[in-house]
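Protein chains in written order, with this note's numbering: chain A, 9 to 349; chain B, 9 to 349.
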């Protein structure tokens, strides 16, 4: 990590954490169960509701939000409430996704529903959803003009709706064997890209940047999100175990319908047959990867990733980010999009 | 129903319905499943996603919101976006409550989770939650000043959080046998009263009423909500079957911890014993009602209902509601709080 990125992150992330803890009523003491479930999800306490050395996610989205605010001429501190809302929203979505996907663990710990039951977990997610909105509304306390706060809140609501539509599509795809590449791209737009796009757009919005700049940042975030997901899909099939930390071809073993697979299913009848008919054993994995290679699925996905990455860099360049935060944005983009394969 | 109330309702409710249909993308044609689940919950379509003669709730909260706006000197049309957000939020909460309570039917029809599974139902609720916020944000399109819109959105978020805390308490109470009367009152404040309080407060807020008036309307709504719930609790034990539409003493048969029961459990050891030890058969119901009568639980609940009702009317009077909408508010309050027992 460069000097710029690490020094910005070291200043910004503690303030983000303070803000989120205030919104979620965490003061370092043992909370009641209602608040405790949220604090557990944020990585601040253990399943006995006792404070721990935090086990949090990477906080990439809020970091990018604060960097964009700073790089587009604003005070990054002004964007902290929005950044905080984004991270709380992300964590809310994980609480509900884990119930919907019946996932027993997350970040190496039991999920909320696994510990406290589905009913409480649904409600815990709803409470975090509420507080993510409260967090964004706190922009009004940082000197942001009311009309801008309304716009930031409205775009947040639209983003939330797109997230739920993306999640709906994702769940629907599991039961369908005719999902098209275009439908898939719409799904990952909602499920992954719009929240990154919100993070970048709202940073510029709070900074009071001109609409054109806000639009470039929004497009930058959207393309970063799409590129990131497509690269993740490529790694899920062709990534080396030593670098991804997952076993090779993990997405083939689980028959996950990622971009290369959907391209293959659209363009290769034998692949459709073996996906329908065969169990996902070692032979299946070998044959599928062979067919995907033959039909050009890797090239197709590489090209999409390249397109999105190029568009992301172009929009970031056009937004003319300034100072150390500007440098940090280029670097973070490179880290996210040039993962070794 | 008086001339004032029915004529206001006849004008206001169709416009409310139009606004909600716009926010939830319903245009009378067959929707996709994602939108269809929401339209089904709103009572606009059947389980085949075909439009029907609407089977909706009573839309009391949004009606009161629009009436307050009109009665406090505003244009009621200006409050339609907030009214719409309130009703969508209420319906969202029913979708999740039905999953949490494992309720198979609602308004005589299967619940969302029963028809489309829990995962889709959780996500459907999340989408409605998002759109309830979008609806409130649309206040910006009705000429409401941005600073007022921000306040309306912030109070909405706070209300949502209180709702989830009320729901958490309600679920927790089921597994506890030491719930106090005070804890119960806190629970129904969150679960029932705050959303009615929001409905009345935001109507006055949008009308541009002075803070003192907004506060009176907020207190009016809160007390209406509390009185309504306590009266419901009384009816659940002593209500006549022919008038409540439910079988007599239904809350005793289900061992529900309502206000009179909790008062009884706090003040009568034999009641605690039989609640712990006996099954809820006909003898149990007869003995419980006898003990509740002996210990004065009915009087206690009647007094609370009377207190809240009086406070509601006092605050409504102090708010000085004007015109036909003012008369309609007094009437609707009477209808809600003087249900025959």
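We put the CB at the ideal spot given by N, CA and C, even for glycine.
Which residues DSSP lists as bridging residue i, in chain order
i, result
"residue 53 of chain A", "A/59"
"residue 113 of chain A", "A/118"
Below-9 Å beta-carbon distance, residue i vs any chain B residue
i, result
"residue 98 of chain A", "no"
"residue 313 of chain A", "no"
"residue 349 of chain A", "Note that residue 349 of chain A has pLDDT 45, beneath the 50 cutoff, so the model's placement of it is unreliable and no number is given."
"residue 173 of chain A", "yes"
"residue 292 of chain A", "no"
"residue 28 of chain A", "no"
Cβ of residue i within 9 Å of any chain A Cβ
i, result
"residue 90 of chain B", "no"
"residue 179 of chain B", "yes"
"residue 111 of chain B", "no"
"residue 57 of chain B", "no"
"residue 318 of chain B", "no"
"residue 193 of chain B", "no"
"residue 162 of chain B", "yes"
"residue 185 of chain B", "no"
"residue 23 of chain B", "no"
"residue 203 of chain B", "no"
"residue 104 of chain B", "yes"
Proximal chain A residues relative to residue i, where beta-carbon distance stays under 7 Å
i, result
"residue 262 of chain B", "By Cβ distance, chain A contributes nothing, its closest Cβ being about 17 Å from residue 262 of chain B, past 7 Å."
9 Å Cβ cut-off: residues of chain A touching residue i
i, result
"residue 196 of chain B", "By Cβ distance, chain A contributes nothing, its closest Cβ being about 16 Å from residue 196 of chain B, past 9 Å."
"residue 42 of chain B", "172, 173, 176, 177 and 180"
Listed by chain order, chain B residues near residue i by CB distance under 7 Å
i, result
"residue 34 of chain A", "Those do not exist, as residue 34 of chain A stays about 14 Å from chain B at its closest Cβ, beyond 7 Å."
"residue 165 of chain A", "138, 141, 142 and 145"
Listed by chain order, chain B residues near residue i by CB distance under 9 Å
i, result
"residue 107 of chain A", "126, 127 and 130"
Listed by chain order, chain A residues near residue i by CB distance under 8 Å
i, result
"residue 158 of chain B", "145, 148, 154, 157, 158 and 161"
"residue 135 of chain B", "169, 172, 173 and 176"
First and last residue of the uninterrupted alpha helix (DSSP H) at residue i
i, result
"residue 329 of chain B", "It is not in any alpha helix (DSSP H) - residue 329 of chain B carries neither H nor E in the DSSP assignment."
"residue 147 of chain A", "Taken as a continuous stretch (DSSP letters only), residue 147 of chain A belongs to no alpha helix (DSSP H), as it is neither H nor E."
"residue 292 of chain A", "290–303"
"residue 39 of chain A", "Run containing residue 39 of chain A: none; DSSP gives neither H nor E here."
"residue 172 of chain B", "154–182"
"residue 84 of chain A", "That residue, residue 84 of chain A, is in no alpha helix (DSSP H); it is neither H nor E in DSSP."
"residue 199 of chain B", "Neither: residue 199 of chain B is in no alpha helix (DSSP H) and is coded neither H nor E."
"residue 270 of chain A", "267–275"
"residue 64 of chain B", "Taken as a continuous stretch (DSSP letters only), residue 64 of chain B belongs to no alpha helix (DSSP H), as it is neither H nor E."
"residue 229 of chain A", "219–246"
"residue 31 of chain A", "11–31"
"residue 259 of chain A", "258–261"
Residues that residue i contacts on chain B, provided the C-beta gap is smaller than 8 Å
i, result
"residue 308 of chain A", "Here the premise fails: no neighbours, minimum Cβ distance about 27 Å."
TODO: Give a yes or no on contact between the stretch 125–145 of chain B and the stretch 34–52 of chain B, applying the rule of three or more CB pairs nearer than 8 Å.
DONE: yes
Open item on the list: Closer than 8 Å is the cut-off here; do at least three beta carbon pairs connect the stretch 231–245 of chain B with the stretch 199–208 of chain B?
Closed with: yes
Task: Meets three-Cβ-pair contact criterion under 8 Å: the stretch 71–85 of chain B and the stretch 205–224 of chain B - done: yes
Task: the stretch 70–80 of chain B / the stretch 19–38 of chain B touching (three or more Cβ pairs under 8 Å) - done: yes
Task: Contact the stretch 285–300 of chain B vs the stretch 321–341 of chain B: 3+ CB pairs below 8 Å - done: no
- [ ] Assess, as a yes-or-no matter, whether the stretch 98–106 of chain B is touched by the stretch 117–130 of chain B under the definition of 3 or more beta carbon pairs within less than 8 Å.
- [x] yes
- [ ] May I ask you to verify whether the stretch 87–94 of chain A touches the stretch 337–346 of chain A, counting CB pairs closer than 8 Å and requiring at least 3?
- [x] no
TODO: Count the CB pairs spanning the stretch 304–313 of chain B and the stretch 282–291 of chain B that are closer than 8 Å, and state whether there are at least three.
DONE: no
Open item on the list: Is it the case that the stretch 140–150 of chain A contacts the stretch 152–166 of chain B, given that we only count it when at least three CB pairs across the two stretches are under 8 Å?
Closed with: yes
Open item on the list: Would the stretch 90–101 of chain B count as touching the stretch 52–61 of chain B if we require 3 or more Cβ pairs under 8 Å?
Closed with: no
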